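Chemist: Start counting the sequence shown at 36; every next residue gets the next number (our numbering). Don't be surprised by glycine CBs; every beta carbon is placed ideally from N, CA and C. The structure presented is a predicted model; accordingly, all values stated were derived computationally and were not measured.
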Amino acid sequence: MKPRQLLHLVALGLAVAPGALGAQEVASAPPPAPVASVPTPPPVPAASVPAFSAVLAAQAWTQLAAQVDLRVQRGKGPELPKEMRVFVRSSPKGQGLYAEFTSPANMRGTAFLALTSADLADEYFMYVRTLRRVKRVASYTENFMLRDFLSLYLLKPRAELWQFGPGQCVQLEGQTLWRFEATPAAPDTQKRTGYARLVHFVDPADLVIRRTEFLDEEGSVMRRQWVTAVERVGDQVLPVEFQTQDLAEGVGAKIRLHDLRVNEAPPEDVFSVRRLKGL
């Protein structure tokens with residue numbers, strides 16, 4: 036298998052047969068599940084909706100570690116289970132994400148490292164198990180792994196890539212939420228992410244982003260993801276269960292975080308290329 040093919044398979048843990056990678060009918064994708072997983076808050080006057088910076092400030096953690104269970108489904112095909120362990124760090128200078136597959140056997144040991152920077156000097160690396168080597172990975176949209184996996188609720192929203200407008204108070208599926216729309220803050224945001232706009236829906240009760248829609252230049256939704264469960268860890272309320280649906284690819288995934296740890300020191304070299312070379 037060529038390295039480029041493997042990168043495509045790693046996106047959202049897609050270890051599927053090559054023949055299953057063709058485009059699927061969007062109509063086969065199930066509708067999003069309800070976003071509410073906490074009691075519905077009372078209506079909020081529009082004037083009291085804060086700036087999106089308040090949502091970012093509520094995400095005060097600097098280190099996060101978890102076991103991740105993925106169930107990936109293409110069209111009406113079977114769900115394919117995957118397991119990973121992830122470490123995340125966050126600082127004003129940037130974020131880091133290390134993810135390593137632990138299951139199934141044919142993906143065990145495959146790992147990638149994302150080092151994002153506030154000055155956009157991002158670096159991405161992947162350990163290709165079949166080649167027993169570390170490869171630097173392009174950070175632009177042709178790489179499905181970076182476009183899709185890094186947009187899950189694992190990294191914080193990147194202010195250097197997106198500029199959020201004023202919030203609006205909306206009703207969505209019976210729940211009062213704050214709606215924030217983002218437009219590119221950098222000239223190459225769309226090239227880096229694959230999306231022209233983002234829309235976040237935030238729960239006023241805990242400031243958790245409950246739903247995100249990823250739009251193209253024409254305003255059509257290309258991808259959506261939504262939180263189905265949250266958990267309080269210390270003083271932080273974090274998504275621990277969420278789903279995502281890629282309408283362009285016809286692929287859906289269910290994600291569950293276990294053994295979630297916040298602000299505990301990770302292994303010393305976990306955010307280094309040296310870690311990947313030692314696999």
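#1: Do the stretch 80 to 100 and the stretch 186 to 201 meet, that is, are 3 or more Cβ pairs less than 8 Å apart?
#2: Buried or exposed for Gln40, please, with buried defined as at least 16 other CB atoms from any protein chain shown within 10 angstroms of its CB.
#3: Could you compute how far the alpha carbon of Leu99 sits from the alpha carbon of Ala134?
#4: Taking Cβ positions, are Val123 and Lys312 nearer each other than 8 Å?
#5: What residues are listed by DSSP as bridge partners for Arg296?
#6: Does the stretch 138 to 151 come close enough to the stretch 302 to 310 that 3 or more CB-CB pairs lie under 8 Å?
#7: If you check the beta carbons only, do Trp197 and Leu250 fall under 8 Å apart?
#8: Do Val265 and Asp281 come within 8 Å of each other at the CB atom, strictly closer than that value?
#9: CB-CB under 6 Å to Arg291, same chain, minus the five flanking residues each way: which ones, in chain order?
#10: Using the rule of at least 16 other Cβ atoms within 10 Å of the residue's Cβ for burial, across every protein chain shown, is Pro127 buried or exposed?
#11: Grab the span of the alpha helix (DSSP H) containing Thr145 for me, first residue to last.
#12: Where does Lys226 land, buried or exposed, given buried means 16+ other C-beta within 10 angstroms?
#13: Going by the CB atoms, is the gap between Lys289 and Arg164 shorter than 8 Å?
#14: Between the C-alpha atoms of Leu115 and Ser186, what's the straight-line distance to the nearest angstrom?
#15: Assuming Met257 and Ala283 form a contact by the criterion Cβ under 8 Å, report the distance between their Cβ atoms to the nearest whole angstrom.
#16: Taking 7 Å as the cut-off, is the beta-carbon of Lys170 closer than that to any non-hydrogen atom of the ligand MG?
#17: Here's a check: name, in chain order, each residue in its chain whose Cβ is nearer than 6 Å to the Cβ of Arg310, leaving out the five neighbours to either side.
#18: Could you spell out the range, first to last residue, of the beta strand (DSSP E) harbouring Thr165?
#19: When we look at the beta-carbon of Asp97 and count the other beta-carbons within 10 Å, is it buried (16 or more) or exposed?
#20: Where does Ser83 sit, in a helix, a strand or coil, going by DSSP?
#21: Compute the Euclidean distance between the alpha carbons of Asp157 and Tyr188, then round it to the nearest angstrom.
#22: What is the DSSP secondary structure of Lys117, counted as helix, strand or coil?
#23: Which residues mark the beginning and the end of the beta strand (DSSP E) in which Val305 is found?
#24: Taking all protein chains shown into account, do 16 or more other C-beta atoms lie within 10 angstroms of the C-beta of Gly254, making it buried, or fewer, making it exposed?
#25: Are there 16 or more other CB atoms within 10 angstroms of the CB of Arg167, so buried, or fewer, so exposed?
#26: Less than 8 Å between the C-beta atoms of Val243 and Pro274, yes or no?
#27: By Cβ distance, which residues of its chain are closer than 7 Å to Val205, with the 5 residues on each side in sequence left out?
#28: When you compare each of Arg171, Thr228, Thr224 to Asp183 by their alpha carbons, which one comes out closest?
#29: For Gly287, does the count of other Cβ atoms within 10 angstroms reach 16, so buried, or fall short, so exposed?
#30: In the stretch 189 to 236, which residue ranges form an unbroken alpha helix (DSSP H) of at least 4 residues, counting only runs that do not cross its ends?
Modeler: So, to answer that:
#1: yes
#2: With a pLDDT of 43 at Gln40, under the threshold of 50, the predicted position of this residue should be treated as unreliable, and no value is reported.
#3: 12 Å
#4: no
#5: Ala100
#6: yes
#7: no
#8: no
#9: Asp104, Glu276
#10: exposed
#11: Here Thr145 belongs to no alpha helix (DSSP H), and DSSP marks it neither H nor E.
#12: exposed
#13: no
#14: 20 Å
#15: 5 Å
#16: Because no ligand of any kind appears in the structure shown, any question about the ligand MG cannot be addressed here.
#17: Asp304
#18: Looking at the DSSP string, Thr165 is not in any beta strand (DSSP E), and its letter there is neither H nor E.
#19: The displayed chain sequence assigns Thr, not Asp, to residue 97. Per the 10 Å Cβ criterion, exposed.
#20: helix
#21: 19 Å
#22: strand
#23: Looking at the DSSP string, Val305 is not in any beta strand (DSSP E), and its letter there is neither H nor E.
#24: exposed
#25: exposed
#26: yes
#27: Leu212, Arg214
#28: Thr228
#29: buried
#30: 224 to 228
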